[in-house]
Amino acid sequence: MNGKVMVNRKAIMKRMVSLFALGILLAFGMCACTQQDLEDMTTGEGDGYVSIVWGDKTYVPYGALAGYGERGKQIGIVDGDKDDRVYELKGYSSDEWIVNSVPYDAAMLLREINVTAIPDGWQSEYEWNQ
8 MNGKVMVNRK AIMKRMVSLF ALGILLAFGM CACTQQDLED MTTGEGDGYV
58 SIVWGDKTYV PYGALAGYGE RGKQIGIVDG DKDDRVYELK GYSSDEWIVN
108 SVPYDAAMLL REINVTAIPD GWQSEYEWNQ
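Using this note's numbering, the first residue of the sequence shown is number 8, and each one after it goes up by one.
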């Protein structure tokens with residue numbers, strides 16, 4: 008009887024170790040997938056502002072967002088900094104509008120520099136948007 012108990016314990020331990028290893032592999036796999044989906048964006052200098060450059064598009068600051076409800080899913084990071092995040096703006100194309108967010112600061116709405124059609128009621132206090 009002691010032999011059967013020892014066999015069962017060994018089998019249970021093997022299963023537990025296998026399940027634990029599988030859990031770790033799944034966790035790493037999920038992290039790797041999310042990081043690969045994010046675009047790597049860079050900063051650029053404008054006339055009195057810092058822009059975000061994404062491929063052939065340049066986004067300039069438009070104004071602070073009052074809340075985080077307007078931002079959609081995260082689409083990128085800036086200069087390799089995982090805390091400097093770029094999001095879609097809900098209801099708008101990321102070809103025209105994006106949201107930049109860093110910890111402990113207000114989220115910033117940015118427009119692609121060539122966008123001239125501003126939604127009704129939107130205003131920017133920055134002179135480069137006039």
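Where is the CB? At the ideal position from N, CA and C, for every residue including glycine.
For clarity, every value in this text was computed on a predicted model and none was experimentally measured.
Which of helix, strand or coil does DSSP assign to Trp-61?
Three-state result, Trp-61: strand.
Can you check whether the CB of Asp-90 is closer than 8 Å to the CB of Val-109?
The Cβ atoms of Val-109 and Asp-90 lie closer than 8 Å to each other.
Completely contained beta strand (DSSP E) runs for the segment 59-115, where each covers 3 or more residues
The segment 59-115 contains these whole beta strand (DSSP E) runs: 64-71, 78-85, 88-96, 104-108.
With distances taken between CB atoms, is the gap from Arg-118 to Tyr-66 smaller than 8 Å?
Here Arg-118 is near Tyr-66, since their CB atoms are less than 8 Å apart.
Rounded C-alpha distance that separates Trp-129 from Ile-31:
C-alpha separation (whole angstroms): 47 Å.
What is the rounded straight-line gap between the Cα of Gly-62 and the Cα of Trp-104?
A straight line joining the alpha-carbon of Gly-62 with that of Trp-104 spans about 14 Å.
In terms of residue numbering, what span does the beta strand (DSSP E) encompassing Thr-49 cover?
Counting along the chain, the beta strand (DSSP E) containing Thr-49 begins and ends at 46-52.
Do Ile-19 and Leu-45 have their CB atoms nearer than 8 Å?
It is not a contact, given that the beta carbons lie outside the stated cut-off.
Beta-carbon proximity list for Lys-80, same chain, < 7 Å, skipping 5 on both sides
Taken in chain order, the residues that qualify are Tyr-94, Glu-95.
What is the DSSP secondary structure of Glu-134, counted as helix, strand or coil?
Under the three-state reduction of DSSP output, Glu-134 falls in the helix class.
Tell me, please, which residues DSSP counts as bridged to Arg-118.
Paired residue(s): Val-67, Trp-104.
Just checking my contact of Lys-64 with Glu-77 at CB under 8 Å: how many whole Å lie between their CB atoms?
Their Cβ separation, rounded to whole angstroms, is 20 Å, which puts Lys-64 and Glu-77 out of contact at 8 Å.
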